[in-house]
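Each remark here refers to the structure printed beneath this line.
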Amino acid sequence: MTTHLPAAGIPAAATPTAPFSTDATWTNWGGNQSATPAFTVRPRNEQEALDAVRFAIREGLPVRAVGSGHSSSPLVQTGGVLMDMSGLSAITGTDPAGRRARALAGTTINAFGDALWEQGLALGNQGDIDKQQIAGALATSTHGSGKNLGSFSSSLRWVKLINGYGDIVEIGEGQLRELRAAQVSLGTLGIFLEVELAVEDSYYLQEEITYPTWAETAGTWQSDIDSNRHYSFLWCPDNDSCGLLDLPGSPDYGMGGRSYTKKYNIVDVQDERRISGIEGARLDRSYRIYPGGFTTQFHELEYFVRSEDGLAAVEAVQDLIRTKHPSQKYPVEVRWVKADDAYMSQFQGRDSTVVTLTTEPGTDYWQFFRDADAVLQEFEPRAHWGKIHFMTRSRLERLYPGLDTFIQVRREFDPRGMFLNDHTRALLA
Ligand SMILES: Cc1cc2nc3c(=O)[nH]c(=O)nc-3n(C[C@H](O)[C@H](O)[C@H](O)COP(=O)(O)OP(=O)(O)OC[C@H]3O[C@@H](n4cnc5c(N)ncnc54)[C@H](O)[C@@H]3O)c2cc1C
8 MTTHLPAAGI PAAATPTAPF STDATWTNWG GNQSATPAFT VRPRNEQEAL
58 DAVRFAIREG LPVRAVGSGH SSSPLVQTGG VLMDMSGLSA ITGTDPAGRR
108 ARALAGTTIN AFGDALWEQG LALGNQGDID KQQIAGALAT STHGSGKNLG
158 SFSSSLRWVK LINGYGDIVE IGEGQLRELR AAQVSLGTLG IFLEVELAVE
208 DSYYLQEEIT YPTWAETAGT WQSDIDSNRH YSFLWCPDND SCGLLDLPGS
258 PDYGMGGRSY TKKYNIVDVQ DERRISGIEG ARLDRSYRIY PGGFTTQFHE
308 LEYFVRSEDG LAAVEAVQDL IRTKHPSQKY PVEVRWVKAD DAYMSQFQGR
358 DSTVVTLTTE PGTDYWQFFR DADAVLQEFE PRAHWGKIHF MTRSRLERLY
408 PGLDTFIQVR REFDPRGMFL NDHTRALLA
């Protein structure tokens with residue numbers, strides 16, 4: 008549904024109507040990406056966001072949005088207009104019977120917790136942190152872990168956005184082709200204003216933490232995946248590995264060669280006095296259980312393989328660390344995500360095992376990441392769009408059957424490519 012003037016009718020505006028600064032430097036959370044846009048605009052409402060995009064169209068400037076800046080790939084950089092979306096933050100509606108929730112694009116994941124709980128609802132899953140804005144999480148297919156649980160993107164059912172004509176348009180379930188493009192778009196369809204997600208009835212989670220050896224982890228691989236709502240582990244190459252991610256590790260064992268496993272299952276809680284915050288035995292509302300928080304910066308590469316290749320892929324990475332990169336001490340995180348249908352989703356058509364490698368800022372981690380990219384090649388990995396990766400257009404052509412359709416939709420929404428930057432142009436122009 009188009010609700011505003013087409014580009015030809017855009018009135019002249021000397022500056023954006025939203026608060027803005029010129030030539031301010033932006034840096035991401037990890038400190039490895041920065042940019043100095045001509046204008047950094049912080050819209051406080053839909054009209055100011057629209058005015059900013061129309062200003063950019065009139066001035067011939069490219070536009071990118073920034074959420075919480077937690078991506079470590081060069082997604083956000085622009086020399087044109089950077090739209091800081093933090094001023095568009097609110098839960099705008101819930102439908103408990105239909106299990107739906109609407110929110111403005113800049114709403115952070117942690118803002119959903121209490122608001123949805125009051126309506127008897129909860130997000131179906133969450134990742135390792137809850138600081139991301141919902142549109143930022145959707146743009147890169149941010150995920151948690153659980154073989155029957157999809158990414159945030161798989162739950163997107165409707166979006167209102169500003170396209171490259173300077174129009175506000177809506178995409179809903181009646182436009183499946185466009186919706187599948189919008190579910191994972193790397194910010195290239197336009198500026199998201201508001202989204203609707205499929206959510207679940209509220210639930211409590213019980214935590215279990217164990218510290219198995221690698222032989223034990225591999226031995227119970229499939230049963231652990233199958234018998235837990237959420238199962239993930241961090242394999243520790245060294246006794247110091249857990250501490251690097253602020254994890255307590257085992258009270259009884261050195262963690263070198265062991266896994267720090269996390270299992271979460273739904274339990275019935277009638278009385279919240281049962282709630283427990285004890286590490287390893289936490290019991291709480293789902294949204295209070297999921298997110299940890301990381302105080303120290305790091306850089307990550309995260310690749311996705313078919314779940315049937317998960318064990319072999321993890322062992323290939325372990326072998327790489329032992330034989331060629333023994334100085335890499337960070338844990339290797341392993342998770343699972345259900346297949347979905349979004350054209351540019353890492354999980355499109357593939358139940359996936361997620362392998363995450365973490366490195367320390369200020370060290371030369373590039374050779375480690377390049378070697379990991381090489382050893383995982385045999386598993387045809389896809390990459391997290393928000394983390395460091397080595398994807399090229401030709402690799403996308405081999406890995407994403409929906410790439411051509413995505414690009415067609417992208418061009419329909421943004422024929423002049425005003426929402427592209429160098430990184431996304433190389434992949435998706
Ligand atoms: C400490 C840490 C923990 C993490 N844990 C996980 C995890 O558990 N699971 C996981 O999958 N990922 C994880 N990530 C990655 C993170 O979830 C993604 O990089 C996510 O995209 C970041 O969201 P953001 O709000 O910071 O978006 P940004 O990084 O600011 O932006 C990401 C993309 O979204 C676009 N965008 C943002 N807002 C809009 C909008 N309104 N309209 C259009 N486009 C928009 C941007 O242009 C950009 O392309 C983690 C990252 C860090 C640093």
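In terms of my numbering, the sequence shown opens at residue 8 and continues consecutively. Where is the CB? At the ideal position from N, CA and C, for every residue including glycine. Fair warning: this is a prediction, and the values are worked out from it, not measured in the lab.
*Can you tell me which of the three DSSP states threonine 360 falls into?*
strand
*asked:* For a quick check, are the C-beta atoms of glycine 74 and alanine 142 less than 7 Å apart?
replied: Less than 7 Å separates the beta-carbon of glycine 74 from that of alanine 142.
_Contact test: glycine 153 Cβ vs ligand 1 heavy atom, cutoff 6 Å_ = no
*Could you spell out the range, first to last residue, of the alpha helix (DSSP H) harbouring tryptophan 392?*
It is not in any alpha helix (DSSP H) - tryptophan 392 carries neither H nor E in the DSSP assignment.
*Consult DSSP for glycine 100 and reduce its assignment to one of helix, strand or coil.*
strand
_Tell me the rounded alpha-carbon separation between tyrosine 310 and threonine 101._
34 Å
*Just how far apart, CA to CA, sit tyrosine 294 and alanine 108?*
15 Å
*DSSP on methionine 481, reduced to helix/strand/coil?*
No answer is possible for residue 481: the residues shown for the chain start at 8 and end at 436.
*Is it true that the segment 328-338 meets the segment 160-173, where meeting means three or more beta-carbon pairs spaced less than 8 Å apart?*
no
*Put threonine 10 into one of helix, strand or coil per three-state DSSP.*
Confidence at threonine 10 is low in this model, with a pLDDT of 36, below 50, so its placement is unreliable and the value that follows should be read with caution. Three-state DSSP puts threonine 10 in coil, outside helix and strand.
*Considering only residues of the same chain and omitting the five flanking positions on each side of threonine 217, which have a CB-CB separation below 6 Å?*
Thr268
*Measure from the alpha carbon of serine 41 to the alpha carbon of each residue in Pro81, Val344 and Asn272, then state which is nearest.*
Pro81
*Is there at least one non-hydrogen atom of ligand 1 closer than 6 Å to the beta-carbon of methionine 425?*
no
*Residue interval of the alpha helix (DSSP H) (run including histidine 430)*: 429-435
*asked:* Measuring CB atoms only, is the segment 234-243 touching the segment 174-188, in the sense that at least three cross pairs come out at less than 8 Å?
replied: no
*Who are the Cβ neighbours of arginine 389 in its own chain at under 6 Å, not counting the five residues just before and after it?*
Phe311, Gln353 and Leu406
_DSSP has lysine 269 in a bridge; who is on the other side?_
Answer is Ile216 and Ser239, bridged to lysine 269.
*asked:* Rounded to the nearest angstrom, what separates valine 416 and proline 258 at their Cα positions?
replied: 53 Å
*Selection from Tyr350, Glu387 and Asp371 that minimises the alpha carbon distance to valine 362*: Glu387
*Going straight from the alpha carbon of proline 69 to that of glycine 409, what length do you get?*
26 Å
*For isoleucine 116, does the count of other Cβ atoms within 10 angstroms reach 16, so buried, or fall short, so exposed?*
buried
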